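Each remark here refers to the structure printed beneath this line.
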Amino acid sequence: SAVISQKPSRDICQRGTSLTIQCQVDSQVTMMFWYRQQPGQSLTLIATANQGSEATYESGFVIDKFPISRPNLTFSTLTVSNMSPEDSSIYLCSVKPGTDRETQYFGPGTRLLVL
Amino acid sequence: GDSVTQMEGPVTLSEEAFLTINCTYTATGYPSLFWYVQYPGEGLQLLLKATKADDKGSNKGFEATYRKETTSFHLEKGSVQVSDSAVYFCALSWDQKLVFGQGTRLTINP
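Protein chains in written order, with our numbering: chain X, 196 to 310; chain C, 72 to 181.
Listed below in structure tokens is the structure:
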């Protein structure tokens, strides 16, 4: 498995502003993922972030709205840009350790409320 | 595309009751299957998994068997506790990604 931390754990933001969420892993991993969980809903994959390449975004998510950085094998950031109340969600990062090709392990999530 | 369908919640049981949460999937290949649990205010934790047909995943008294013939991965526990109250997500792994069901909220009353 892997130990994953996220910062901030929660935030309240004003519409029109941006928030950058950090994800730190205790070991080097090739594949990192960012998910969104809207209130009372399931998880939706935003993008896959591999070190050394551009993030791959899922349908309905664009880089201008959710820019992602992946500077090394233990760290990634997701920015939620020009926020609106509809962006209020839990944002979770996950990793796939090299020892297990199938299983993803999740961070504790960042709870975002946009007013 | 691949998809996961879970039993609709919420589910409310008394302590020591038997639990089943149904999960069925649609997939073109042979995915790995997972159950994740989300306790109140927390992220997702891996509960159990199975990687091929007839595998049984188990953890913390929970079990699920990968049934290819019925494309199912139902979660069961023989005697639930108040501490099992959480949201449970069934998921499959496809093309390096996880596809989640809608989640089932479980409440256990003392």
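Every residue gets a Cβ at the ideal spot worked out from N, C-alpha and C, and that includes glycine.
A quick note: this is a predicted structure, and the numbers were derived from the prediction, not measured.
Asked: Determine the contact status of Y101 (chain C) and S74 (chain C), defining contact as a CB-CB distance below 8 Å.; Found: no
Asked: Looking at chain X, which residues of the segment 115-127 of chain C have a Cβ within less than 9 Å of any of its Cβ atoms?; Found: L115, Q116, L117, K120 and T122
Asked: Can you tell me the Cβ-Cβ gap for L240 (chain X) and E253 (chain X), rounded? I've got them flagged as a contact below 8 Å.; Found: 5 Å
Asked: Identify the continuous beta strand (DSSP E) that holds F128 (chain C) and give its terminal residues.; Found: Note on residue identity: the sequence assigns Gly, not Phe, to residue 128 (chain C). K127 to N130 is the span of the beta strand (DSSP E), which, as asked, contains G128 (chain C).
Asked: Please check if any C-beta of chain X sits within less than 8 Å of the C-beta of G80 (chain C).; Found: no
Asked: Report yes or no: do the segment 224-234 of chain X and the segment 286-294 of chain X share at least 3 C-beta pairs separated by less than 8 Å?; Found: yes
Asked: Report yes or no: is there a C-beta of chain X within less than 8 Å of the C-beta of K131 (chain C)?; Found: no
Asked: Does the beta-carbon distance from L117 (chain C) to A135 (chain C) come in below 8 Å?; Found: no
Asked: Run through chain C and tell me which residues come within less than 7 Å of E249 (chain X), C-beta to C-beta.; Found: Within chain C, no residue comes near E249 (chain X); the closest Cβ sits about 16 Å away, beyond 7 Å.
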